[in-house]
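Residue numbers for the sequence shown, in numbering that gives the first Met the number 0: 0 to 193.
See structure below.
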Amino acid sequence: MEYAELQLLGGGLYLLNKVFLLLMEKRGLGREDNAFWFWKKWAWGVYLLGLPPWLVFFYLEQNWIFFCIEAGGAPAMLCGFINSMSQRDAPRWLERIAIAAVPFGIALSLWDLGLSRWPTQLLEVAGSAGFLVGTYLLYKERLVGYRWFMLMNLATGILVGIQGYSILCGMQAASIGIIALAYRAKKQNLSALR
């Protein structure tokens, strides 16, 4: 496995993002709660910090499709970070870029791979869609964003498992568990507010 340090750093920071999202949702009954905003800032901050190691890794591997997809997630990550810092929506122009990145990333994946590697292509498209859509929906504080993240982690976990990246596969499995707990906590919070 080449560039293991980059994978561990990027994967570790992305995993921390999920832990902090869980802590945010556990504190999320009242949006005025300082703990909610504290963990939200940390969640989006480490998510952004995890992006450069992945971009460098995909660049060094010359994996342009995943380089572009990861870079395409940056606008939604920035939206989430801006929202966590200001407690307001991100600028509309940045939201539009984040929304445009979703079909662009999926189309790029389909175009690059064609139908020659159907099973792995399906996993790559599912992982890409889960990442791009999930990141945007979590910025918008939508419950369904967690389901998209679970799709991303499941598809990516299977894909990296097939490719022999056992540490990354384990991180994806841990991410699914943490995201499932965050989903449950947010769902309980929403029920309590009704």
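For glycine and all other residues, C-beta sits at the position ideal for the given N, C-alpha and C.
Problem - L21 and I175 closer than 7 Å at C-beta - result: no
Handout entry: Beta-carbon contacts of A173 that lie in its chain and below 7 Å, excluding the five residues immediately before and after
Key = So the qualifying residues of the chain are L14.
Exercise for the section: List in chain order: all unbroken beta strand (DSSP E) runs of 3+ residues lying wholly within the region 8-90. Expected result: none
Handout entry: Buried or exposed (CB count within 10 angstroms, at least 16 for buried), E94
Key = buried
Practice task
Please list the segments of the alpha helix (DSSP H) lying wholly inside the region 88-139, counting only runs of 4 or more residues, in order along the chain.
Solution key: DSSP runs (the alpha helix (DSSP H)) wholly in the region 88-139: 91-112, 117-138.
Problem - With 16 other Cβ atoms within 10 Å as the buried cut-off, status of F26 - result: The question names Phe, but residue 26 is Arg in the sequence shown. Classification of R26: buried, given that the 10 Å Cβ count is 16 or more.
Exercise for the section: Give the secondary structure of Q162 by DSSP, where H, G and I count as helix, E and B as strand, and everything else as coil. Expected result: coil
Problem - Coarse secondary structure for L142, derived from DSSP in three states - result: coil
Handout entry: Beta-carbon proximity of L109 to L158, cut-off 7 Å
Key = no
Handout entry: C-alpha distance - M0 paired with A106, whole-angstrom precision
Key = Because the pLDDT of M0 is 48, which lies under 50, any placement of that residue in the model is unreliable, and the question is left without a value.
Problem - Per-residue DSSP class, three states only, for R198 - result: A query on residue 198 cannot be resolved here, the shown segment of the chain reaching from 0 to 193 and no further.
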